[in-house]
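For reference, the structure is listed below as structure tokens.
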Amino acid sequence: MSYLNELKERVYKQNLELVKQNLVVLTWGNVSAIDRESGLVVIKPSGVDYSTMKAEDMVVVDLDGNKVEGRLNPSSDTPTHLELYKAFPEIGGVVHTHSFYATSFAQAGKDITAYGTTHADCFYGDVPCARALTKEEIENEYEKNTGKVIIETFDKLDYKAVPAVLIKNHGPFTWGKTPEKAVENAVTLEAVAKMAINTRLINPSVERVDQYLLDKHYFRKHGKNAYYGQGDNK
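Numbering follows this note's numbering, in which position 161 of the sequence shown is assigned residue number 1000; successive positions increment by one, without gaps.
Structural data, given as structure tokens:
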């Protein structure tokens, strides 16, 4: 179980990173990570204050949501995280926040349009806003159905190329190969959401970035011919 203890420490640190990056208020956020070999998921406990939380407070569950280890209850968003791990086999971490700008797009029910190269460096196209959940979906297994709506949204989208989604009237989820990368994507998402709002304020008739420029910036950082950085894209 030593690897799980290491994973708990990483998940704990990345939950604190959400606070450091001003992506959460009070307890409104969570980070999880999966050990693919065992199929076990480590996630933040529900409603615990970040200032008092410890690494040993992280909760371990299996992919069916059964608690394997931990004295506290797992995040109420755990079923959403589990659906994503089951549907997206190449992710290792998931983040949910109510960050101000990304959540503003979610509440408006609007995609975050790709307006420039900052967006393209992380997201290969617009970040989609999923459809609203139905009354039945909300009243029956709400969190699990939130995950299913995300998966539905990515039926014809590449979850690796656009590692983020907005849940209508709720907020953003991001993911990545590691919990660290998932948090980095959450930071980037909030930044490009803020830029998109300001861009529209400055020029209400603005059009999305040209596809060839988006291609250039995305693929210079991602894919087999990437040349940005030192070869570690996490």
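Beta carbons are placed, not taken as given, at the ideal position from N, Cα and C, and that holds for glycine. Fair warning: this is a prediction, and the values are worked out from it, not measured in the lab.
Roughly how many angstroms separate the alpha carbons of residue i and residue j, rounded to a whole number?
i	j	result
valine 900	alanine 1000	28 Å
asparagine 1064	phenylalanine 1058	7 Å
asparagine 984	lysine 893	30 Å
glycine 1015	leucine 921	14 Å
glutamate 978	tyrosine 1066	48 Å
lysine 1007	arginine 1039	20 Å
glutamate 1019	glycine 932	7 Å
valine 1045	asparagine 912	46 Å
glutamate 895	aspartate 888	14 Å
glutamate 975	lysine 1055	43 Å
arginine 1047	isoleucine 930	28 Å
asparagine 905	asparagine 1042	50 Å
alanine 1021	proline 928	14 Å
With DSSP collapsed to three states, give me the class of residue i.
i	result
isoleucine 951	strand
lysine 906	strand
leucine 1005	strand
isoleucine 1036	helix
isoleucine 930	coil
leucine 862	coil
glycine 986	helix
valine 966	strand
valine 850	helix
threonine 936	strand
serine 885	coil
aspartate 916	coil
serine 943	helix
alanine 1000	coil
Using CA atoms only, rank isn't needed, just tell me which of the options is closest to residue i.
i	options	result
leucine 902	Lys847, Ile873 and Ser914	Ile873
tyrosine 851	Tyr842, Val870, Ala1030 and Asp1049	Val870
threonine 936	Glu978, Lys987 and Leu1028	Leu1028
histidine 958	Gly1062, Asn1024, Asn984 and Val881	Asn1024
valine 1031	Tyr954, Val880, Val863 and Leu843	Tyr954
valine 966	Asp1054, Pro1002, Asn844 and Gly931	Pro1002
leucine 862	Glu991, Ala941, Glu908 and Val898	Ala941
alanine 945	Thr891, Glu908, Leu1005 and Ser915	Leu1005
threonine 992	Val907, Phe1012 and Lys859	Phe1012
glycine 948	Val1022, His1009, Pro918 and Thr973	His1009
aspartate 997	Gly964, Gly886, Leu843 and Gln860	Gly964
valine 907	Asn1037, Arg849, Thr952 and Leu843	Leu843
asparagine 1037	Tyr924, Ile930, Ser943 and Ser914	Ser943
serine 915	Ile882, Asn854, Asp994 and Asp960	Ile882
threonine 866	Leu855, Gln853, Gly886 and Lys859	Gly886
alanine 969	Ile989, Ile1041, Ala1021 and Glu980	Ile989
aspartate 1049	Glu982, Thr952, Gly1062 and Asn1042	Thr952
glutamate 980	Ser938, Pro918, Phe962 and Val864	Pro918
Quick check on residue i: buried or exposed, where buried means 16 or more other Cβ atoms within 10 Å of its Cβ?
i	result
proline 884	buried
asparagine 1072	Residue confidence is low: asparagine 1072 scores 49 on pLDDT, short of 50, so the model does not pin down where it sits. Its coordinate-derived value is still stated next. When all chains shown are included, asparagine 1072 counts as exposed.
leucine 857	buried
leucine 879	buried
tyrosine 1051	exposed
glycine 986	buried
serine 890	exposed
lysine 847	buried
threonine 973	exposed
serine 841	exposed
glycine 1062	exposed
What are the uninterrupted segments assigned as alpha helix (DSSP H) that are 4 or more residues long and contained completely in the region 1011 to 1060, given in chain order? Whole alpha helix (DSSP H) segments, 4+ residues: 1018 to 1041 and 1050 to 1058.
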